[in-house]
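Residue 7 is where the sequence shown starts when you use my numbering, and the numbers rise one by one after that. The beta-carbon is built from N, C-alpha and C at its ideal position, and this holds for glycine as well. Here the structure is laid out as structure tokens; the discussion comes afterwards.
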Amino acid sequence: MALMKGRCMDLSTMGYLAGWRAVRFLPESWARWLFERGADIASDHGRGMEQLRRNLARVVGQENVTRELVREASRSYARYWLEAFRLPTQARDASLGVRLRRFARGGEHLEASVNKGRGAVVVLPHSGNWDMAGVYAVSTFGSVVTVAERLRPEALFDAFVEYRESLGFDISALSGGAPPFPHLKEALGEGKVVCLLGERDIKRKGVEVEFFGENTTMPVGAVELCRQTGAPLHVVHCWFEGKSTWGFSISEEIEVGEIQPTMQRVADRFAENIAAHPEDWHMLQPLWPGDVALRDERRAREQRGAASRERQGRRNPLARLGRPGRLGQVQRERARGRAARGQR
């Protein structure tokens with residue numbers, strides 16, 4: 007079973023990577039149509055849609071989470087993946103960096119910080135196309151240093167790292183290797199820009215903040231880097247404009263002091279920016295403790311159900327076929343038929 011599972015995983019990974027490469031060579035209008043149709047289908051009953059609705063309800067109010075908003079949010083998320091697949095080809099266009107700098111609002115704040123020689127830390131939520139923010143940083147400052155969540159299977163993670171490194175990113179894995187924090191500190195010491203996603207506390211070791219009127223936790227890595235190095239901190243936000251352009255905003259330098267108050271200032275900026283572009287916030291995972299508890303409870307029920315079915319299957323192998331006792335019933339009917347023919 008383990009071998010078969012591994013083979014299936016390898017096949018699915020190969021299919022994913024093949025699709026990734028194929029999308030680069032499709033005409034853009036075809037690829038966009040395919041991704042939008044897929045998003046429209048997913049917006050009704052796709053994986054993660056219920057959680058997306060719950061998250062959006064915190065932003066706009068339950069009564070405003072319309073089918074149209076969910077569809078637009080699904081299309082925005084699909085556009086992120088479409089651009090991720092096509093970006094290695096797009097990035098070869100030397101004019102892309104020029105266009106991105108034109109779209110950026112507040113770029114002078116980040117440039118002023120970098121010119122101080124201590125590097126800079128930018129923190130942003132999962133909104134719009136955050137990879138384009140990295141491309142902007144590479145184009146403007148020569149490099150960007152960031153951290154990536156380790157994906158499974160490993161081949162998929164390796165592909166994502168290779169893809170981002172091809173854009174000029176310096177990538178460290180969040181887990182499964184050397185801790186990224188020392189490398190990030192070193193990069194800041196060299197005057198580089200460090201870019202971190204900051205609203206999802208994957209390891210559940212963050213500090214508590216109020217976010218859209220409800221308490222949750224957010225990771226403190228960005229703030230701690232600034233506290234230890236003296237690097238300036240900025241909040242960046244990304245969104246989509248129309249079908250083919252992007253919007254970026256870069257805040258003025260955020261005051262860095264004690265961890266919790268500083269993180270609350272970051273969370274407040276996140277909330278303000280997300281509320282302005284709710285359809286571009288790609289948060290399909292539980293973010294607040296109540297939702298995390300619901301997810302964990304659902305997973306526990308599913309695991310208990312799977313274990314119960316496995317025990318039942320060991321007691322009665324026919325139960326695995328979904329037709330318990332059916333074979334014995336057929337045999338009895340055949341025996342009765344033979345007996346009836348013998349009597350005749």
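Query raised in the report: Among all the DSSP beta bridges, which residues are the ones paired with L32?
Result: Residue pairing by DSSP places L32 opposite no residue, since no beta bridge is assigned to it.
Query raised in the report: The beta strand (DSSP E) with F254 in it runs from where to where?
Result: Going by DSSP, F254 is part of the beta strand (DSSP E) stretching over T251 to I256.
Query raised in the report: Measuring CA to CA, which of W39, R307, E216 and Q234 is closest to F276?
Result: Relative to F276, the option among W39, R307, E216 and Q234 whose CA is nearest is E216.
Requested in this report: Note down the Cα distance separating V298 from P292, rounded to an integer number of angstroms.
Outcome: Taking the straight line joining both Cα atoms gives about 5 Å.
Query raised in the report: DSSP on M55, reduced to helix/strand/coil?
Result: In the structure shown, M55 sits in a helix (DSSP, three-state: H, G or I).
Requested in this report: With T235 as the anchor, note down where its alpha helix (DSSP H) starts and where it stops.
Outcome: Residues G227 to T235.
Query raised in the report: Applying the criterion that 16 or more other CB atoms from any shown protein chain within 10 Å of the CB defines a buried residue, is D302 buried or exposed?
Result: Result: exposed.
Query raised in the report: Are the beta-carbon atoms belonging to D207 and F246 less than 7 Å from one another?
Result: No.
Query raised in the report: According to the Cβ coordinates, are W136 and C244 closer than 7 Å?
Result: Yes, the pair counts as a contact, with Cβ atoms nearer than the cut-off.
Query raised in the report: Excluding five sequence neighbours on each side, which residues of the same chain lie with their C-beta closer than 7 Å to the C-beta of A97?
Result: The residues V141 and L173, in chain order, have a CB closer than 7 Å to that of A97 in the same chain once the five nearest residues on each side in sequence are set aside.
Query raised in the report: Straight-line CA distance for M224 to G319?
Result: One Cα belongs to M224, the other to G319, and the distance between them is close to 43 Å.
Query raised in the report: Which same chain residues, not among the five before or five after E259, have their C-beta less than 7 Å away from its C-beta?
Result: The beta carbon of E259 is closer than 7 Å to those of H115, S119, P238, L239 and H240 in its chain, skipping five residues each way along the sequence.
Report task. Taking all protein chains shown into account, decide if A48 is buried (16 or more other Cβ within 10 angstroms of its Cβ) or exposed. Result -> By the 10 Å Cβ count, A48 comes out buried.
Query raised in the report: What's the C-alpha gap between Q270 and A143?
Result: Approximately 25 Å, taken between the alpha carbons.
Report task. Could you spell out where the beta strand (DSSP E) holding S149 opens and where it closes? Result -> Counting along the chain, S149 falls outside any beta strand (DSSP E), and DSSP gives it neither H nor E.
Report task. Assign T72 to buried or exposed, taking buried as 16 or more other Cβ atoms, counted over all protein chains shown, within 10 Å of its Cβ. Result -> Flag for T72 reads exposed.
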